[in-house]
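Some notes on the structure that comes next.
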Amino acid sequence: MIERIKNVGYAVYGETLGEMWLQMVETILKNGNFELDENRGRFAVKNLRFASATTNVDDALIEKYGDQEKINAMKRVVFESDTMVDFDITPSFRNGAKSYKKRLEEGKMIDFVVNRLAKIPESKKAVMVFPTYEDYEAVTNSPWNDYLPCIIALQFRVAKRQGKTYLDLTLFMRSWDGFQKGAGDVIVVSMVANIVRQQLEEKLGVAIAPGRLDGLVTDVHIYENTYEKAQQTVFDYLHEQAPDVAQTHTLTQEESSQHS
């Protein structure tokens, strides 16, 4: 579902992470405004709300339509590498900043969230926050060539629905390369949630299922040099879902050329 709410902006909803991601990309293709950002052309939508009914990482749509190389690169900076690497088709920051893995470890974020929710399951304080004062200093000293995490905050909530217990997520992004990195980001935050969920099950002694994902991104975009690939990906997806109406849901080649 893609909806434009008057005086609010666009909202997308998917039954799965992959459906949500593809609808987010479609929203940018159809409604993004062209602008230059630090000398890079891109199509952007401001303040987009997004939601998925589940954070199940076994996602057939992401497996089929996602760029597995970039998804694996995102997994590395969350679970393997201590330093951040820019795997954008056009790198925009120098390598070497602390990775998400390093930030998770230094802040003992997983332990904090698990222990907080184990002690007070209804808590709203179980939040991981990724930027630090060190990032502010680095960006101030090198404003054109340094790194500030795009994932600003990830909140974990224990919720009960219809007799079952879930772990829900709320994600806040300052900026998002929706096509290149969107699939990888929603997969890795859901993988982190799985770690939290499994540890929390042990502490609380109850079964906890993967819950929903809600979020806000203040600027979600597709860069000009990945636009055609994004367009083809969404067209292929929509054509598979409903071949007879796919053309009405994607930009035609003529419309695309007007954006170029």
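Be aware that the sequence shown starts at 853, since it is given in our numbering, and climbs by one per residue.
Glycine included, every Cβ here is placed at the ideal spot set by N, Cα and C.
Asked: Pick out whichever of Thr1085, Arg1064, His1091 has its Cα sitting closest to the Cα of Val909.; Found: Arg1064
Asked: Mapping DSSP to helix, strand and coil, what is Asn993?; Found: helix
Asked: Going by beta carbon distance, what residues of the same chain come within less than 7 angstroms of Ala1011, once the five residues before and after it are set aside?; Found: Tyr1018, Asp1020, Gly1063
Asked: Can you say whether Ala1059 is buried or exposed, counting buried as having 16 or more other CB atoms within 10 angstroms of its CB?; Found: exposed
Asked: Considering Val981, what are the terminal residues of the beta strand (DSSP E) in which it resides?; Found: 979-981
Asked: Taking the continuous beta strand (DSSP E) assigned at Phe895, which residues delimit it?; Found: 892-904
Asked: Between Asp934 and Lys954, is the Cβ-Cβ spacing less than 8 angstroms?; Found: yes
Asked: Look at Lys950 and Met936 and say whether their C-beta atoms are less than 8 angstroms apart.; Found: yes
Asked: Could you check where the alpha helix (DSSP H) with Glu795 kicks off and where it finishes?; Found: This structure gives no information on residue 795, because the portion of the chain shown stretches from 853 to 1112.
Asked: Measuring alpha carbon to alpha carbon, tell me which of Phe902, Ile857, Ile1003 ends up nearest Lys983.; Found: Before going on, a small fix: residue 983 reads as Pro here, not Lys. That would be Ile1003, whose Cα lies nearest to the Cα of Pro983.
Asked: Is Ser994 buried or exposed, if buried means 16 or more other CB atoms sit within 10 Å of its CB?; Found: exposed
Asked: Assign Lys1033 to buried or exposed, taking buried as 16 or more other Cβ atoms, counted over all protein chains shown, within 10 Å of its Cβ.; Found: buried
Asked: Taking the beta carbon of Glu986 as the centre, do at least 16 other beta carbons fall within 10 Å, making it buried, or is it exposed?; Found: exposed
Asked: Could you tell me which of Arg1049, Asp1029, Gly870 sits nearest to Asn1077, measuring between CA atoms?; Found: Asp1029
Asked: Considering only DSSP beta bridges, list what Lys950 is partnered with.; Found: Thr935
Asked: Between the Cα of Ala1005 and the Cα atoms of Arg1026, Val929, Val897, Gln1051, which residue gives the shortest distance?; Found: Arg1026
Asked: Quick one: residues in its chain with C-beta nearer than 7 angstroms to the C-beta of Phe1024, no 5 flanking neighbours on either side, listed in chain order?; Found: Ile1004, Ala1005, Gly1067, Leu1068
Asked: From Tyr988 to Glu890, what distance separates their C-alpha atoms?; Found: 18 angstroms
Asked: Per DSSP, what kind of secondary structure is Phe798 in: helix, strand or coil?; Found: Because the chain is modelled from 853 through 1112, residue 798 falls outside the range shown and cannot be assessed.
Asked: Counting only the same chain and skipping the five closest in sequence on each side, list residues whose C-beta sits under 7 angstroms from that of Ser904.; Found: Gly866, Thr868, Leu869, Met872, Arg1064, Leu1065
Asked: Can you tell me whether DSSP reads Asp1037 as helix, strand or coil?; Found: helix
Asked: Distance, Cα to Cα, Asp938 vs Ile1039?; Found: 18 angstroms
Asked: Between the Cα of Phe895 and the Cα atoms of Lys882, Ala925, Arg901, which residue gives the shortest distance?; Found: Lys882
Asked: Leaving out five residues before and five after Arg901 in sequence, what residues of the same chain have Cβ atoms less than 6 angstroms from its Cβ?; Found: Ala863, Leu1068
Asked: Where do the ends of the alpha helix (DSSP H) carrying Glu887 lie?; Found: From DSSP, Glu887 is part of no alpha helix (DSSP H) but of the beta strand (DSSP E) over 885-889.
Asked: Kindly give me the distance between the Cβ atoms of His1072 and Ile880, rounded to whole angstroms, as I take these residues to be in contact under 8 angstroms.; Found: The identity of residue 1072 in the sequence shown is Val, whereas the question assumes His. With 8 angstroms as the limit, Val1072 and Ile880 qualify as a contact, their Cβ atoms being about 6 angstroms apart.
Asked: When the Cα atoms are used, what is the spatial distance from Gly959 to Thr1070?; Found: 25 angstroms
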